[in-house]
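The structure under discussion appears below in the form of structure tokens.
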Amino acid sequence: MYDTLIIGAGPAGMTAALYAARSNLKVALLEAGIPGGQMNNTSDIENYPGYANISGPELAEKMFEPLETLGVEHLFGRAENIVDQGSYKEITTDDGLLQAKTVIIATGSNHRLLGVPGEEELNSRGVSYCAVCDGAFFRDEDLMVVGGGDSAVEEAIFLTQFAKSVTIVHRRDALRAQKVLQDRAFANEKIHFAWNTVVEEIKGDNRVTSLVLKDVQTGEVREQAAGGVFIYVGLDPVSDFAQDLGILDDQGWVITDDHMKTSVPGVFAVGDVRQKDLRQVTTAVGDGAVAGQEAYKYITEHEE
Ligand code: FAD
Ligand code: NAP
């Protein structure tokens with residue numbers, strides 16, 4: 001029986017583990033992939049205080065390193081269900097059952113699909129959701145990036161070091177991304193914009209060769225050649241396994257209060273998986289710190 005089981009080893013989960021372990025709790029960190037979460041998918045993090053610029057994987061490593069020394073158990077596996085048994089929680093994983101007095105959900109979010117013909121068929125054959133992973137395979141290509149948020153603009157800038165050109169296809173005439181990223185993209189000669197435009201189809205036999213684009217104002221449809229397309233149209237919460245607890249909103253984000261408590265006593269949620277406005281590394285670690293501390297309080301109060 002763990003005092004605290006944390007599901008997901010992104011920045012939120014790793015910080016929750018740090019705080020819970022420093023309160024002397026018996027802590028396990030369950031991770032289905034590589035510790036670091038979404039930080040592993042970005043090359044430069046420029047808005048984490050203390051570092052002018054640090055690569056995502058390096059920051060991930062720095063967050064993970066101290067946990068072992070503090071006695072946090074790192075478990076490989078995927079949470080599939082959580083049952084509230086009152087004084088403890090039972091967590092079904094793909095590798096068996098775990099029990100813990102408190103659970104901190106830190107499973108973040110996944111990239112959303114565009115949902116157009118050709119996307120699934122050409123996935124990994126010119127369709128990508130990760131510029132850091134795949135960008136180097138697209139040297140001297142004309143690329144397209146779909147979306148207008150931080151991810152689309154930041155990753156479009158990243159891709160210009162390999163690509164001949166990058167066209168950002170956005171459904172409106174204004175970007176959602178932070179001003180600093182917008183300014184950088186507007187100043188980059190390799191970046192072009194297709195405003196008020198949506199993707200109707202991704203075409204290619206064995207690899208992406210072109211995209212069918214539609215101007216939403218005029219209705220005009222055209223085909224534009226492209227060697228690859230990177231899709232950044234937002235994120236969906238990873239929370240299916242918590243469905244039965246009744247703690248999700250209608251889009252699947254976990255509802256918590258300011259103490260990271262859900263409506264189920266002893267179950268907390270932190271980071272991107274929470275219903276919140278600003279999804280960043282800084283806000284994820286802030287949530288993690290609060291939940292680590294709250295788990296300790298919950299356990300001491302219930303043991304008195
Ligand atoms: P995540 O980082 O998503 O981690 C969740 C972890 O949970 C993952 O490791 C996953 O494998 C694991 N997991 C999921 N389901 C299960 C399960 N069922 N069982 C076990 N484990 C599971 N923010 C910034 O502040 N600065 C940036 O420059 C920046 N750049 C970004 C670039 C991109 C392309 C993207 C997509 C995001 C970027 N962000 C940036 C946002 C930032 O990465 C996230 O806000 C942050 O990583 C959220 O942390 P998290 O711990 O909540 O979730
Ligand atoms: P996001 O902020 O939700 O932006 C998604 C973009 O895709 C929006 O511009 C949206 O258009 C567009 N879009 C959504 N559905 C679409 C569809 N079906 N077809 C076409 N376009 C569609 O997602 P994100 O950019 O991935 O960012 C996610 C979170 O991570 C944010 O909190 C962000 O701040 C954070 N992040 C931070 C950094 C950083 O700090 N440097 C970097 C990356 C990500 P509209 O604008 O019209 O809604």
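Numbering-wise (full-length UniProt numbering), the sequence shown opens with residue 1 and increments by one.
Note that the Cβ used here is the ideal one computed from N, Cα and C, for glycine as well.
The model shown is predicted, which means the values in this text are computed figures rather than measured ones.
*Just checking my contact of G13 with I104 at CB under 8 Å: how many whole Å lie between their CB atoms?*
Stepping through the sequence shown from its first residue, residue 13 is reached at position 13. Stepping through the sequence shown from its first residue, residue 104 is reached at position 104. Contact flag correct, Cβ pair sits at about 7 Å.
*Would the beta-carbon of V216 be found less than 7 Å away from any heavy atom of the ligand NAP?*
Against the sequence shown, residue 216 aligns to sequence position 216. Incorrect: V216 has no Cβ contact closer than 7 Å to the ligand NAP.
*When the Cα of S109 is compared with those of I7, K297 and E73, which residue comes out closest?*
Mapped onto the sequence shown, residue 109 falls at position 109. The option with the nearest alpha carbon to S109 is I7.
*asked:* Judging by CA-CA distance, which residue of K203, A156, K190 and V116 is the nearest neighbour of D134?
replied: Position 134 of the sequence shown, counted from the first residue, corresponds to residue 134. Minimum Cα distance to D134 is reached at A156.
*Straight-line CA distance for A174 to R222?*
Mapped onto the sequence shown, residue 174 falls at position 174. Mapped onto the sequence shown, residue 222 falls at position 222. Answer to the nearest angstrom: the Cα atoms are 21 Å apart.
*To the nearest angstrom, how far is it from the Cα of P49 to the Cα of E73?*
By 1-based counting over the sequence shown, the position of residue 49 is 49. By 1-based counting over the sequence shown, the position of residue 73 is 73. Distance between the alpha carbons of P49 and E73: 28 Å.
*How should Q217 be labelled, buried or exposed, when 16 other C-beta atoms within 10 angstroms of its C-beta is the threshold for buried?*
Here residue 217 is taken as the residue at index 217 of the sequence shown, counted from 1. Label assigned to Q217: exposed.
*Neighbourhood of E201 by C-beta distance below 8 Å, restricted to the same chain and skipping five residues each side*: Counting from one through the sequence shown, the residue named residue 201 turns up at place 201. V116, P117, G118, L211 and V212.
*With a cut-off of 8 Å on the beta carbons, I'd call Q280 and V254 a contact; round off their distance for me.*
Translated into the one-based positions of the sequence shown, residue 280 becomes position 280. Translated into the one-based positions of the sequence shown, residue 254 becomes position 254. About 17 Å; that fails the 8 Å criterion.
*asked:* In this structure, how does DSSP classify Q217 when only helix, strand and coil are distinguished?
replied: Within the sequence shown, residue 217 is the residue found at index 217, counting from 1. It is coil, neither helix nor strand.
*Run the proximity test for L30: is its beta-carbon closer than 7 Å to any non-hydrogen atom belonging to the ligand FAD?*
For the purposes of this step, residue 30 is taken as residue 30 along the sequence shown, with counting starting at 1. L30: yes, Cβ under 7 Å from the ligand FAD.
*Can you list, in chain order, the stretches of the beta strand (DSSP E) that have 3 or more residues and sit fully within the segment 170-234?*
191-194, 197-203, 210-215, 221-225 and 228-231
*For the candidate residues E120, P265, S263 and G10, whose alpha-carbon lies nearest to that of M63?*
Translated into positions along the sequence shown, residue 63 becomes position 63. Checked all of E120, P265, S263 and G10; the closest Cα to M63 is G10.
*Span separating the alpha-carbon of Q99 from that of E294*: Counting from 1 along the sequence shown, the entry for residue 99 is found at position 99. Counting from 1 along the sequence shown, the entry for residue 294 is found at position 294. Each residue's alpha carbon lies about 18 Å from the other.
*Quick one, which of A291, G266 and F138 has its alpha-carbon nearest H302's?*
As a first step, residue 302 is located in the sequence shown; it is residue number 302 there, counting from the start. It is G266.
*Work out the CA separation of V198 and Q243 for me, nearest whole Å.*
Against the sequence shown, residue 243 aligns to sequence position 243. Against the sequence shown, residue 198 aligns to sequence position 198. Each residue's alpha carbon lies about 33 Å from the other.
_Contact between the segment 46-60 and the segment 15-27 (3+ Cβ pairs under 8 Å)_ = no
*Roughly how far, in whole angstroms, is the beta-carbon of T93 from the beta-carbon of A79, given that I think they are within contact range, below 8 Å?*
To locate residue 93, count along the sequence shown from 1; it is residue 93. To locate residue 79, count along the sequence shown from 1; it is residue 79. 6 Å between Cβ atoms; contact.
*So which of R172, A185 and G204 has the shortest CA-CA distance to N196?*
As a position in the sequence shown, residue 196 is number 196, starting the count at 1. Checked all of R172, A185 and G204; the closest Cα to N196 is R172.
*What separation, rounded to the nearest whole angstrom, lies between the Cα atoms of L67 and A21?*
Looking up residue 67 in the sequence shown gives position 67. Looking up residue 21 in the sequence shown gives position 21. Using only the alpha carbons, I get a separation of about 8 Å.
*Three or more C-beta pairs below 8 Å linking the segment 160-167 and the segment 237-252*: no
*asked:* So for R22, helix, strand or coil by DSSP?
replied: As a working mapping, residue 22 is identified with position 22 in the sequence shown. Correct three-state label for R22: helix.
_Among the candidates N40, K203, K297 and H259, whose CA atom is the shortest distance from the CA of D287?_
Numbered from its first residue, the sequence shown carries residue 287 at position 287. Nearest option by C-alpha distance: H259.
*Drop a sphere of 10 angstroms on the beta-carbon of V145, count the other beta-carbons inside from all chains shown, and report buried for 16 or more, exposed for fewer.*
The count along the sequence shown starts at 1 and reaches residue 145 at position 145. Under this definition V145 is a buried residue.
*asked:* Please report the straight-line C-alpha distance between residue 305 and D236, rounded to a whole angstrom.
replied: In this structure the chain extends from 1 to 304, so residue 305 is not present and cannot be described.
*Quick one: give me the first and last residue of the beta strand (DSSP E) that G286 is part of.*
Position 286 of the sequence shown, counted from the start, is the residue given in the question as residue 286. Where G286 is concerned, there is no enclosing beta strand (DSSP E), although the alpha helix (DSSP H) it sits in stretches over V281 to E303.
*Out of E141, K101 and D142, which has the shortest C-alpha to C-alpha gap to K297?*
Numbered from 1 along the sequence shown, position 297 holds the residue referred to as residue 297. Comparing Cα-Cα distances from K297 to each of E141, K101 and D142, the minimum goes to K101.
*Does the ligand FAD have even one heavy atom less than 7 Å from the beta-carbon of N53?*
Within the sequence shown, the letter at position 53 stands for residue 53. N53: no, Cβ never under 7 Å from the ligand FAD.
_The beta strand (DSSP E) enclosing I7, as first and last residue numbers_ = The residue labelled residue 7 in the question sits at position 7 within the sequence shown. Per DSSP, I7 belongs to the beta strand (DSSP E) from Y2 to I7.
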